[in-house]
Amino acid sequence: LSLWVAAVPLAGARGPAAVVLLGPSGAGKSETGNTLSGGSNFLVSGGLESETLVPSAQVVDFEGRKWQIVDTPGYFDTSRTPEELATALERFSEVASDHIVTLAFVVPYGRFGDAHLRGWRLIRGAFGASALKYTALLFTGVGARTEEDVRNETGKLCAKTPPPMLCTVLDELGAAHGGDAMDRIVTFGRLEPERRARDRKQLFKVAADVEVSAGGRGYDHGEFLRAQARRKLMVARITAITNEEDKQVLELLLANVESGAAADSDLMRRLEEAEGLGETQMVYLDFEDRQLGPFSQVGSGFRQPMPIPYVAMKGFESASGLGGELFIHTGTDSGVRLRNGDERTGELRTAPFLLGQGSIRCEATGGGGFIAICLADGGEDPGVCLQRRLALRGSILEAMEIGQEELLPFVGQAVYLRLVDDRTKNWGFIALDNFEYPVLVPPDNTTEAEGEASGNESSTTSSTTPPPLGVPTTSAPAAAATTAAPPPPA
């Protein structure tokens, strides 16, 4: 558990915009790196073995901006063992800039097969689900073709039944950034000066567009470390399974995941079955009852924390329009707006509960803190937390999410939630509303909890205290919270 590092970039730290080249060996990553860097800075293999053994990087200037090009070892079809590859990957966080704007998945054109799909799965597992919105698909060896040519050809392929494996990647890529995946396609053609100059300019343009679509924020560098730690936590859970037959199946499935032959979600689903997890109920908090629901103050940063009316905070509103009348704002106290309220810090925290399957969602703004989910048996150690730091400077509460895939290793574990205001200037507060998270009801108590829910239809309370350490709540407010509350904004 000590390996669960919630790394946060240093305040003010911002290196050159980084483009990371990812993909199986022999895809053309190193030659692509040479095109981008304008020289022969990366070793190119002339055989079947990967020439790139550890991540390497070069910083270049292009049209007045510094860019870092990072070449990585092959994630599939290399001669190294998984242990050797893991050691090489550990160096990634040391080599890459703290401002990664694009992860370029490099594949040879016309040869997208099972090995490349496995490479795609391995990259998702290594960098986390959030990496997809920073990902571009880079085809090498296209000859004289341009992006438009490849998009047209790919569109025709994906219209077939059944579609080829490449279309699965495009569907996931488009869904991740809420747009057309075709806009993320880049083509690298003949290794001639004129074509190389064109290709170089095109990739930097796409990388800049990805950066803009992410609001100027790069891929969370700590997510790479957290993704590695999530896998180790899943291994620990498999080790704890007492049924030998289930454990053998899980170990085989884990080997398939590590080779890219199966997805992390397949492993997690089977692991949950072996652990005998129960039913998930969603807890929804809109704070309209002027209470903090399951949250209570840790320490004494606030005199009397409570929700505040939107009308008391001029300009504040939820992006969805579903904010109701009240929301949480850590720059206020006792339901009153304070002068210099941003200068205070404090924390709100829930009691421990068992995490169910699903995402944590809310609407939020501010730049003064973070939302975190922590393992209960980690004590006060922040190293066993997965956190999402707010970096918004505006009065509109925007939708944010800690996705289901990120939370998979926590499912079935005793956890608690933290709302932390730890900064005193530059929008040094956090504001949130419409908070939703999944709670697990153990199998032995599911029927009882459902009975309670159906028998308490008159309650309209929408904030509830989750069951401590997995004991399902059977009070009327809890029933209303999990059955009658409206869904939060997507």
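Residue numbers (the working numbering): 1023 to 1512.
Note that the Cβ used here is the ideal one computed from N, Cα and C, for glycine as well.
Own chain, CB closer than 7 Å to residue i, minus 5 neighbours either side, in chain order
i	result
LEU1360	GLY1353, THR1354
ALA1296	ILE1263, ASN1265, ASP1268, LEU1272
ALA1151	GLY1425, GLU1427, GLU1428
HIS1138	PRO1046, VAL1129
ASP1202	GLY1196
GLY1380	THR1302, MET1304, GLN1426, PRO1460
N-terminal and C-terminal residue of the alpha helix (DSSP H) that residue i is part of
i	result
VAL1128	Segment 1122-1130 is the beta strand (DSSP E) holding VAL1128; no alpha helix (DSSP H) there.
ALA1296	1286-1297
ARG1173	1169-1180
ILE1452	Run containing ILE1452: none; DSSP gives neither H nor E here.
LYS1269	1266-1280
GLU1136	Reading off the sequence shown, one finds Asp at residue 1136, where the question assumed Glu. Where ASP1136 is concerned, the enclosing alpha helix (DSSP H) stretches over 1136-1149.
ALA1229	1215-1235
GLN1426	1426-1429
SER1115	1114-1117
Cβ neighbours of residue i in the same chain (closer than 6 Å, five flanking residues each side left out)
i	result
GLY1378	THR1302, PRO1460, VAL1461, LEU1462
LEU1179	PRO1186
ASP1399	none
Length of the line joining the Cα atoms of residue i and residue j
i	j	result
GLY1477	VAL1305	With a pLDDT of 38 at GLY1477, under the threshold of 50, the modelled position of this residue cannot be trusted; read the value that follows with caution. Going from the Cα of GLY1477 to the Cα of VAL1305 covers about 18 Å.
GLY1390	LEU1412	7 Å
CYS1225	VAL1208	Contrary to the premise, residue 1225 reads as Leu rather than Cys in this sequence. One C-alpha to the other measures close to 6 Å.
LYS1155	MET1187	20 Å
PRO1038	ASP1231	16 Å
PHE1338	LEU1419	7 Å
GLU1170	ILE1452	44 Å
ALA1394	GLU1214	50 Å
LEU1454	ASN1448	17 Å
SER1119	ALA1040	6 Å
PRO1327	ILE1424	24 Å
ALA1373	THR1162	52 Å
VAL1433	ALA1219	48 Å
PHE1375	CYS1396	11 Å
LEU1058	ASP1083	10 Å
GLN1250	ARG1259	15 Å
LEU1144	ASN1362	48 Å
GLN1409	ILE1382	11 Å
SER1233	HIS1243	Note that residue 1233 is Glu in the sequence shown here, rather than Ser. So the two alpha carbons sit approximately 14 Å from each other.
GLY1177	LEU1195	15 Å
LEU1289	MET1335	46 Å
PRO968	GLY1315	The structure shown does not extend to residue 968, since the chain is modelled only from 1023 to 1512, so the question has no answer here.
PRO1329	LEU1344	16 Å
GLU1085	ASP1444	38 Å
GLY1211	PHE1134	17 Å
THR1100	ASP1136	Annotation note: pLDDT 46 at THR1100 (below 50); position unreliable, no value reported.
GLU1216	GLU1053	15 Å
ARG1087	GLU1175	34 Å
GLY1069	PHE1317	Low confidence applies to GLY1069: its pLDDT is 44, below 50, so where it sits in the model is not reliable, and the reading given next is rough at best. Their backbone Cα atoms lie some 59 Å apart in a straight line.
Extent of the continuous beta strand (DSSP E) to which residue i belongs
i	result
ASN1362	From DSSP, ASN1362 is part of no beta strand (DSSP E); its letter is neither H nor E.
GLY1368	1368-1371
ALA1413	Element bounds for ALA1413: n/a, residue is neither H nor E.
THR1302	1301-1307
THR1209	1207-1210
LYS1088	1087-1093
SER1318	1318-1320
GLU1385	1382-1387
SER1047	Where SER1047 is concerned, there is no enclosing beta strand (DSSP E), given that its DSSP letter is neither H nor E.
TYR1241	Neither: TYR1241 is in no beta strand (DSSP E) and is coded neither H nor E.
GLN1394	Here the sequence assigns Ala to residue 1394, which means Gln is not the residue at that position. Residues 1391-1397.
Test item: CB-CB of residue i and residue j under 7 Å
i	j	result
VAL1123	ALA1229	yes
GLY1450	ASP1311	no
GLU966	SER1417	The structure shown has nothing for residue 966, since the chain only spans 1023 to 1512.
ARG1366	GLY1323	yes
ARG1113	VAL1076	yes
ASP1286	VAL1279	yes
PHE1149	PHE1064	no
THR1275	ALA1284	Thr is not the amino acid found at residue 1275; the sequence shown has Leu there. It is a contact, given that the beta carbons lie within the stated cut-off.
LEU1348	PHE1457	no
THR1055	ASP1093	Here residue 1055 is Gly; the residue named in the question, Thr, does not match the sequence. In contact: GLY1055 and ASP1093 (Cβ atoms closer than 7 Å).
MET1256	PRO1431	yes
VAL1442	PHE1392	yes
ALA1166	VAL1117	no
ALA1181	TYR1241	no
LEU1414	THR1446	no
Short CB-CB distance (under 7 Å) between residue i and chain B
i	result
LEU1360	In the displayed structure, chain B is absent; only one protein chain is listed.
Own chain partners of residue i with C-beta closer than 8 Å, once the 5 adjacent residues on each side are dropped
i	result
VAL1172	TYR1131, PHE1161, VAL1164, ILE1207, THR1209
VAL1333	GLU1347
CB-CB length for residue i against residue j, believed under 8 Å
i	j	result
VAL1042	LEU1159	Rounded, the Cβ-Cβ distance is 14 Å, inconsistent with contact.
ARG1253	GLY1147	7 Å
ARG1291	GLU1369	With a Cβ gap of about 34 Å, ARG1291 and GLU1369 do not count as contacting.
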